[in-house]
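Counting in the numbering used here, the first sequence runs from 4 upward without gaps. Before any comments, here is the structure.
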Amino acid sequence: MSFIVKKTINGKDYFYLRTSKRDGNRVIAKTIAYLGKTIKEAELKKSEMEKIKNRGKSKKIMAETGEEKQEKKITIDELASFCKRKGFVFPSSLIYGGLSGFWDFGPLGVELFNNLKKEWWKFFVQEKENMIGIEASIISHPRTWKASGHIANFSDVSVKCKKCKKFSKVDKHELESARCGFCGGELDKQSAKDLNLMLKTQLGPVEEDSLTSYLRPETAQGMFMDFRLVQETSRKQLPFGIAQIGKCFRNEIAPRDFLFRSREFHIAEFEFFINPEEKKCDLLDKTRLDVKLRLLDAETQEKGSSELKETSIGKMLGENNLEEWHAYWLAEQLMWFEKIGLEDRIKVREHMKSELSHYSSATFDLDYEYPFGSKEIAGNANRGNFDLSQHIKESGEKLDLFDEKTKKRVIPRVIEPTFGVERMFLALLCKAYTYDEKRQNIVLKIPAFLAPVKAAVFPLINDEKMEILARDIFNDLKKEFNVAYDCSGSVGRRYSRNDESGTPFCITIDEKSLRGRDVTVRDRDTTQQIRVKISEIKEVLRKLINSEIEFEKAGKIVETRVK
RNA sequence: GCGCGAGUGGUCUAGUGGUAUGACAAUUGCUUCCCAAGCAAUUUGCCCGGGUUCAAUUCCCGGCUUGCGCACCA
């Protein structure tokens with residue numbers, strides 16, 4: 004049972020909500036909420052709170068009866084709308100009605116996106132001894148795509164069936180004899196339309212004399228074409244990898260699901276080159292072998308089931324066509340997802356034999372639980388030496404190399420881990436987006452090291468001295484971090500705004516700061532506050548962002564809340 | 001690309017053959033010593049093109065965008 008009580012503090016009246024509970028002979032009363040300064044205000048607030056409480060109850064009942072097991076999940080539309088409102092992602096060319104499959108990153112989005120790329124690069128390139136990076140051109144010689152096999156698909160056409168009216172994809176040269184893929188009916192050859200899945204472009208200003216090429220649909224060919232040059236200039240010996248993050252383009256028939264399937268996007272991937280005779284991987288240690296995962300293996304799928312297996316990299320070794328180097332990189336991929344906090348919604352799906360490309364002996368998809376379903380966020384393919392061999396054939400160049408260990412010339416085999424950068428960006432936002440019932444606002448719980456803005460600095464009120472101090476702190480911090488300065492509206496509003504932007508820390512300058520040279524730092528996820536010396540703020544912030552120190556231990560916990 | 005539905009400020013929405021409602025957000029003051037308080041002011045909109053009409057945001061046609069289903073996804 005809860006009731007309203009009046010308290011008089013310093014001559015002013017305040018109303019609180021109290022609750023009482025019988026404990027044996029005693030009655031224990033507890034204040035549970037502040038209601039306002041007048042009795043009217045208090046009554047209104049109380050009835051509102053009861054409504055909210057009852058809503059929670061009915062949700063619980065529904066959960067028990069199984070009607071609504073999960074809490075309300077965000078839809079992808081809501082997320083897209085949120086991203087537009089806060090400046091993460093805008094639809095491209097909106098003043099002309101938009102352009103399907105293209106997106107712009109706004110002020111917060113570009114920061115998050117850059118941080119994500121930077122951290123990926125750090126994790127897979129800079130922190131690895133056997134990895135180097137490149138950035139290849141988006142447009143390459145058209146023969147690239149002949150060698151890679153992409154051009155072959157250009158001879159495909161889409162043809163309508165006369166009988167069932169459905170469209171089939173058919174090789175142009177076999178149009179005369181082809182039948183409908185659905186009902187086997189006769190195809191309407193008049194309806195044949197070319198399918199251009201790569202974006203075409205003309206090189207040279209005079210159209211008749213120009214060379215037709217394509218915007219790359221993947222970054223991988225850059226690594227294969229530059230393979231020898233990179234190996235020579237970096238003086239790497241097998242095994243080593245070449246990494247790249249870059250823009251790719253695909254003429255998607257139906258771009259859908261916000262950023263998930265677009266026509267212009269980034270891939271972060273690397274080709275890891277290994278001597279085909281080398282089966283051992285020295286880097287596959289206990290940490291990697293112990294990496295846990297949820298696996299949907301090929302065998303299970305072939306039985307028509309989608310049951311997940313709880314397993315580990317170590318257990319998978321030797322099964323599922325997984326050899327040591329392949330296992331090592333799969334483990335590393337999972338460790339990356341753990342680092343960015345997405346591992347609990349990742350599952351690994353092994354490709355079935357029927358799905359495998361003819362050059363690949365094993366492929367795994369890493370699927371993420373998006374609001375619109377479990378979809379591929381990253382992949383891992385064992386490509387053998389297919390790509391290098393294709394380029395050797397097409398170009399006539401020597402792309403094999405002399406291996407110092409075995410004293411033989413070899414064409415390396417390749418493991419290719421690949422990541423959709425926008426897909427990781429999207430997953431981060433889906434995971435981070437939280438509606439906080441208590442605070443009545445959205446809190447974007449992005450890991451601090453990825454957050455677009457690391458801290459917001461504000462004077463508690465518009466006071467000249469506080470503003471000067473706040474500006475000083477802000478100017479000092481911005482040399483090292485992306486920080487924001489905010490002095491508009493009430494302090495509560497500023498906290499809420501920053502919760503929505505995913506800013507992990509808010510630094511507030513109050514009257515005591517002027518005398519004591521310390522400030523309060525507020526944690527986004529808990530709203531807890533600590534007191535930190537101005538001289539130590541930079542160091543504390545650095546440690547907090549890198550999770551080197553717990554928030555509660557970074558300073559003295561203080562309670563500043565009135566309400 | 002096919003089929004069906006939808007498009008009103010930044011967001012969510014009311015409504016109409018005579019150019020539009022409300023809320024939130026945003027901006028600027030004032031206020032405010034810690035969690036979207038208050039006061040005042042300000043900015044912003046009928047997806048685009050064509051047709052019918054004296055008059056179209058509204059009706060019709062086409063396009064674009066978007067949702068769902070199918071298909072596609074190297």
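Ideal placement from N, C-alpha and C gives every residue a C-beta, glycine not left out.
Asked: Start and end residues, alpha helix (DSSP H) containing residue 87; Found: 79-89
Asked: Which of helix, strand or coil DSSP assigns to residue 31; Found: Note on residue 31: pLDDT 41, under 50, position unreliable in the model; no value is reported.
Asked: Burial state of residue 448, where buried means 16 or more other Cβ atoms lie within 10 Å; Found: buried
Asked: Stretch-stretch touch, CB-based, cutoff 8 Å, three pairs: the region 265-283 with the region 235-252; Found: yes
Asked: Those residues which DSSP pairs with residue 509 across a bridge; Found: 459 and 525
Asked: Same chain, Cβ closer than 7 Å to residue 61, neighbours up to 5 away in sequence not counted; Found: Confidence in residue 61 is poor, its pLDDT being 33 and thus under 50, which makes the residue's placement unreliable; the coordinate value appears in the next sentence. Cβ within range, chain order: n/a, list empty.
Asked: Proximity below 8 Å, CB of residue 220 to CB of residue 252; Found: yes
Asked: Residue 391 and residue 227 closer than 8 Å at C-beta; Found: yes
Asked: The region 294-311 touching the region 260-267, judged by at least three CB pairs closer than 8 Å; Found: no
Asked: Length-filtered (3 minimum) beta strand (DSSP E) runs lying within the region 403-490; Found: 404-406, 411-413, 416-423, 436-439, 444-447, 458-462 and 486-488
Asked: Boundaries of the beta strand (DSSP E) in which residue 117 is found, first to last residue; Found: Premise fails: residue 117 lies in the alpha helix (DSSP H), 110-124, not in any beta strand (DSSP E).
Asked: Contact check, residue 267 vs residue 105, beta carbons under 8 Å; Found: yes
Asked: Cβ distance (whole Å) where residue 90 is taken to contact residue 111 below 8 Å; Found: 5 Å
Asked: Beta-carbon separation (whole angstroms), residue 512 vs residue 473, contact threshold 8 Å; Found: 4 Å
Asked: Cβ-Cβ distance between residue 386 and residue 419 below 8 Å; Found: yes
Asked: Residue 242 beta carbon less than 8 Å from that of residue 133; Found: yes
Asked: Cα-Cα separation, residue 549 to residue 483; Found: 13 Å
Asked: For residue 347, the nearest candidate out of 82, 503 and 339 (CA to CA); Found: 339
Asked: Uninterrupted alpha helix (DSSP H) stretches inside the region 213-241 (no shorter than 4 residues); Found: 223-228 and 230-237
Asked: Residue 501, enclosing alpha helix (DSSP H) - first and last residue; Found: 494-504
Asked: Proximity to residue 269 [Cα-Cα], best of 108, 371 and 467; Found: 108
Asked: Whether residue 476 touches residue 460 by CB criterion (8 Å); Found: yes
Asked: Spatial distance of residue 397 from residue 225 (CA atoms); Found: 15 Å
Asked: First and last residue of the uninterrupted alpha helix (DSSP H) at residue 257; Found: That residue, residue 257, is in no alpha helix (DSSP H); it is neither H nor E in DSSP.
Asked: Buried versus exposed call for residue 208 [16 or more other C-beta atoms within 10 Å across all chains shown]; Found: exposed
Asked: Integer-rounded CB distance, given that residue 316 should sit under 8 Å from residue 291; Found: 6 Å
Asked: Spatial distance of residue 57 from residue 518 (CA atoms); Found: Residue placement at residue 57 is flagged as unreliable, the pLDDT there being 34, under the threshold of 50; a coordinate-derived value is accordingly withheld.
Asked: Sequence-distant residues of its chain with Cβ nearer than 7 Å to residue 53 (five each side left out); Found: Here residue 53 scores only 39 on pLDDT, less than 50, and its place in the model should not be relied on; the value that follows carries that caveat. Excluding residues within five positions, none has a Cβ falling inside 7 Å.
Asked: Strand pairing of residue 269, partner residues [DSSP]; Found: 250
Asked: Residue 2 to residue 144 span [Cα, whole Å]; Found: Given a span of 4 to 566 for the chain in the structure shown, any question on residue 2 remains unanswerable.
Asked: Assumed close pair residue 282, residue 326 - CB separation to whole angstroms, cut-off 8 Å; Found: 6 Å
Asked: Extent of the continuous alpha helix (DSSP H) run through residue 543; Found: 540-548
Asked: For residue 424 and residue 199, the rounded distance between their alpha carbons; Found: 24 Å
Asked: Bridge partners - residue 551, DSSP secondary structure assignment; Found: DSSP output for residue 551 lists no bridge partner at all.
Asked: C-beta atoms of residue 534 and residue 526 nearer than 8 Å; Found: no
Asked: Nearest to residue 403 (by Cα), restricted to the options 438, 139, 235 and 141; Found: 235
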